[in-house]
Amino acid sequence: MEIKSYTIELINMIREKSPLIHNITNFVVMNSSANILLAIGASPVMAHCRSEVEEMTSIAGALVLNIGTVQEDWTESMICAAKTANSKGIPVILDPVGAGATKLRSETVERILKETKISVLRGNASEIFSLASSEVKTRGVDSSLLITSDHIDIAKEIANDFKCIIAISGEEDLITDGNQVLRVANGHPLMTRVTGTGCGLTAVTAAFCAVAGEKLLEATTSAFAFYGLCAEKAVITSDNPGSFSVAFLDALYSIENEDISTFIKVRKG
Amino acid sequence: MEIKSYTIELINMIREKSPLIHNITNFVVMNSSANILLAIGASPVMAHCRSEVEEMTSIAGALVLNIGTVQEDWTESMICAAKTANSKGIPVILDPVGAGATKLRSETVERILKETKISVLRGNASEIFSLASSEVKTRGVDSSLLITSDHIDIAKEIANDFKCIIAISGEEDLITDGNQVLRVANGHPLMTRVTGTGCGLTAVTAAFCAVAGEKLLEATTSAFAFYGLCAEKAVITSDNPGSFSVAFLDALYSIENEDISTFIKVRKG
Amino acid sequence: MEIKSYTIELINMIREKSPLIHNITNFVVMNSSANILLAIGASPVMAHCRSEVEEMTSIAGALVLNIGTVQEDWTESMICAAKTANSKGIPVILDPVGAGATKLRSETVERILKETKISVLRGNASEIFSLASSEVKTRGVDSSLLITSDHIDIAKEIANDFKCIIAISGEEDLITDGNQVLRVANGHPLMTRVTGTGCGLTAVTAAFCAVAGEKLLEATTSAFAFYGLCAEKAVITSDNPGSFSVAFLDALYSIENEDISTFIKVRKG
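Line by line, the protein sequences give chains U, G and C. Counting in numbering that gives the first Met the number 0, the first sequence runs without a single skipped number right up to 268 at its last residue. Counting in numbering that gives the first Met the number 0, the second sequence runs without a single skipped number right up to 268 at its last residue. Counting in numbering that gives the first Met the number 0, the third sequence runs without a single skipped number right up to 268 at its last residue.
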């Protein structure tokens with residue numbers, strides 16, 4: 000399938016249908032993720048209270064779980080929301096912020112992955128690889144930004160272990176369902192100097208999956224390429240992080256189909 | 000009374016007196032509401048802990064309650080803070096974010112309205128109309144953006160039921176105390192593509208009410224017209240959401256009396 | 000020691016080493032503090048859950064405690080994190096937001112100061128002076144923005160009482176370790192119209208202390224001068240708060256050594 004035309008199709012559907020994206024996310028990025036989702040045409044809602052998450056997820060097009068400032072009662076809400084999503088066929092996108100850095104974060108991600116079905120797991124290499132089996136870890140994981148054939152093998156193993164799509168952000172992004180592998184070369188290093196850009200990509204991936212039906216590998220790849228391309232467009236306006244992040248929201252809102260067909264950089268393998 | 004000159008009077012008082020606005024609000028908009036209040040010259044404080052809300056409300060000029068990311072212990076704090084405000088004659092502005100979407104949100108708003116006295120209830124049509132009596136609901140409420148005579152009747156009924164001002168944001172805003180009706184035609188659709196613009200208007204309404212004394216219907220109308228006009232000014236700078244929201248803060252800070260007298264669009268009925 | 004060259008040395012070290020700054024901070028500024036830290040080259044992490052704070056602090060270069068939207072369980076986490084930092088020689092920077100305004104806030108700060116060792120206490124005059132001994136308070140503290148010799152004496156007393164550096168933001172900033180006194184004249188009044196600028200300075204002070212080793216008085220002074228100078232640079236771009244805060248992030252990221260050597264205004268006494 001042609002990712003360029005699919006990306007255009009999906010972003011047009013988001014702008015037209017304005018899917019509701021239910022976010023149980025961290026305090027740092029609630030505002031920025033909401034603005035990113037609004038800019039692409041989606042409808043964000045943030046709701047974390049155990050008493051309402053099931054109801055909220057039920058009316059959503061996709062669910063975002065993000066453990067960035069996690070605490071125990073929020074984990075319970077995430078699991079309840081994810082179970083609701085699972086029972087209704089609503090895609091669930093998990094961002095394992097800081098997995099590997101503390102025991103709480105690693106265990107929270109492991110518990111969510113064990114008790115619920117995640118559609119897409121999106122993070123950076125060190126977060127994702129921290130979830131590899133201990134056998135893999137013993138082999139040693141180099142979480143540098145460049146993708147090696149080792150990285151691809153481990154990403155595929157994790158995808159197969161958890162039966163989900165693994166999407167790793169880096170200099171080149173790596174997306175796999177355990178079988179096919181796609182790489183995205185869009186994006187810009189300045190994104191790492193603005194908080195919430197990774198979490199924002201998780202939210203955008205959710206919006207793309209909300210309108211995509213079954214083709215989540217392609218939808219995730221489209222989200223990554225679209226998002227990275229908007230960053231490239233923004234950096235033309237400014238290579239300073241304050242102005243860049245303003246221009247990035249503008250680009251997410253106004254990027255045109257022609258830019259998407261011309262500048263998206265996706266390859267297989 | 001002339002709303003234009005009253006708006007100028009109130010914004011000048013806010014800039015001069017810098018009223019303290021106590022916000023018990025949602026996680027998504029804490030930062031943006033604080034910046035909006037600072038831009039117009041008010042002093043925001045966010046405090047939600049049961050142990051301090053009464054003390055904080057006591058020294059405030061107005062209290063904002065916003066249920067956007069509500070959880071049970073925050074509701075208790077909201078009710079304690081509102082009771083303190085009631086006992087001291089401090090205006091309380093309630094934003095029923097998401098009322099009607101989940102049972103928790105609807106019940107939270109109903110409980111606050113039952114146990115405390117709200118001065119102004121500000122939301123969009125679907126949120127406000129979700130609070131109508133079941134008799135009204137049975138008649139059917141069309142929460143489209145255009146104001147019909149049905150809308151006006153229901154808004155008046157809700158205002159009379161809860162003895163508060165009802166302020167509904169829409170393409171044209173509708174403000175009523177159950178008797179008089181005022182409409183504001185300022186504003187811009189791009190506001191719906193930036194998170195927290197509605198919640199920000201609730202906070203601005205609180206600041207206008209803090210300096211207004213008894214005339215809360217006119218103060219609320221002034222706040223809506225002022226806020227909408229600043230959005231119109233901002234969209235001249237940019238019609239993309241990132242740049243727009245920056246220009247909007249700039250306009251809230253720097254808009255001049257002449258713009259207010261010339262461009263405010265308020266009418267009766 | 001020459002503060003100008005030391006400031007350049009420290010900011011270069013931050014950009015090179017990217018120290019991890021662990022923030023247990025308030026909901027309003029989590030996003031802005033993260034962006035401010037990223038702009039200067041540091042690596043922010045926000046984590047407040049009792050189950051992970053010790054682990055997170057252990058791997059950090061400095062710890063920020065900020066009581067802006069405090070609640071009791073967060074205070075426990077702050078104290079645990081600070082004890083961990085103390086045991087490992089990691090600097091702890093405390094921002095007593097709203098101390099003096101409510102009993103909860105004053106008692107929280109007093110408890111943290113009693114149970115842990117704080118390296119730098121940064122706030123405005125009214126917050127800091129609210130922590131003076133009752134004997135001092137009886138003498139009367141005028142918390143105006145201008146520094147009097149009375150202010151200097153009280154600041155020194157507080158520094159000696161708590162064996163920490165006292166850093167007071169104002170029209171001219173006052174920094175003392177109880178013995179030496181340094182003043183910084185950089186900054187701009189527009190900073191008071193943007194939320195989180197004070198909290199952002201606390202975070203920047205933490206980053207400077209993280210790379211400074213023992214010289215925390217000088218590092219704190221450098222942080223204040225650097226930060227104030229970036230605000231002066233930003234206000235050249237815009238004197239409206241929305242655009243100013245964007246330009247401020249840009250300046251924090253891109254300010255050059257030559258600006259620092261030329262425009263920093265620090266004096267002794």
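The beta-carbon is built from N, C-alpha and C at its ideal position, and this holds for glycine as well. Since this is a predicted model, take the numbers as computed values, not measurements.
Note: residue 21(C) is bridge-paired with 44(C) and 62(C) in the DSSP secondary-structure output. Runs of the alpha helix (DSSP H) lying entirely within the region 119–193 of chain C and spanning at least 4 residues, in chain order: 124–128, 133–138 and 148–161.
Counting only residues of its own chain and dropping the five nearest sequence neighbours on each side, residue 236(C) has a CB closer than 6 Å to the CB of 246. Three or more beta-carbon pairs separated by less than 8 Å link the region 40–49 of chain C to the region 72–79 of chain C, which places the two stretches in contact. Chain order gives the chain G residues near residue 44(U) as 97 and 100, where near means a beta carbon separation below 8 Å.
Listed as beta-bridge partners of residue 98(C) by DSSP are 101(C). In the DSSP assignment, residue 92(U) forms a beta bridge with 63(U) and 119(U).
Counting C-beta pairs with one atom in each stretch, the region 56–72 of chain C and the region 193–208 of chain C have three or more that are closer than 8 Å, which means they touch. Under the 9 Å criterion on CB atoms, residue 37(C) is classed as interfacial with respect to chain U. Classified as buried, residue 24(U) has 16 or more neighbouring CB atoms from the shown chains inside 10 Å of its CB. With the rule of 3 Cβ pairs closer than 8 Å, the region 203–215 of chain G does not count as touching the region 178–189 of chain G. Under a 10 Å Cβ-count criterion, residue 9(G) is classified as buried, with 16 or more other Cβ atoms of the shown protein chains found around its own Cβ. Comparing alpha-carbon positions, the option among 11(G), 119(G) and 267(G) lying closest to residue 202(G) turns out to be 119(G). Rounded to the nearest angstrom, the gap between the Cα atoms of residue 266(G) and residue 249(G) is 27 Å.
Residue 146(G) is positioned such that its CB atom lies no closer than 9 Å to that of residue 189(G). Scanning its chain for C-beta atoms nearer than 6 Å, with the 5 sequence neighbours on each side dropped, one finds around residue 117(U) the residues 91, 93 and 163, in chain order.
Among the CB atoms of chain U, one or more fall inside 9 Å of the CB of residue 54(C).
A direct Cα-to-Cα measurement between residue 253(G) and residue 232(G) gives close to 10 Å. For residue 26(U), the chain C residues whose C-beta falls within less than 9 Å of its own C-beta are 26, 29, 30, 45 and 47, listed in chain order. Taken through DSSP and simplified to helix, strand or coil, residue 49(U) comes out as coil.
The alpha carbon of residue 85(C) has as its nearest neighbour, out of 60(C), 17(C) and 13(C), the alpha carbon of 60(C). Pairing residue 161(U) with residue 130(U) gives a Cβ-Cβ distance under 9 Å. Contacts with chain C at 9 Å (Cβ-Cβ) include residue 252(G). In the structure shown, the three-state DSSP call for residue 267(U) is strand.
Close to chain C, meaning a Cβ-Cβ distance shorter than 9 Å, are the following residues of the region 237–264 of chain G: 244, 245, 246, 247, 248, 249, 250, 251, 252 and 253. Interface residue (Cβ-Cβ distance to chain C less than 9 Å): residue 50(G) is classified as such.
About 5 Å separates the Cβ atoms of residue 7(C) and residue 259(C), confirming a contact at the 8 Å cut-off.
Counting the other Cβ atoms within 10 Å of the Cβ of residue 4(G) gives fewer than 16, which makes it exposed. Listed by position along chain U, the residues whose Cβ is nearer than 7 Å to that of residue 201(G) form an empty set, because the closest Cβ is around 16 Å away.
For residue 34(C), at least one C-beta of chain U is nearer than 9 Å to its own C-beta. Along the region 64–93 of chain C, going in chain order, the ones with a CB nearer than 8 Å to a CB of chain G are 67, 68, 69, 70 and 71. The beta carbons of residue 83(C) and residue 114(C) sit no closer together than 9 Å. Within the same chain, Cβ atoms closer than 7 Å to the Cβ of residue 16(U) are found at 210, the five residues on either side in sequence being excluded. Restricting attention to 18(C), 38(C) and 268(C), the CA atom closest to the CA of residue 155(C) is found in 268(C).
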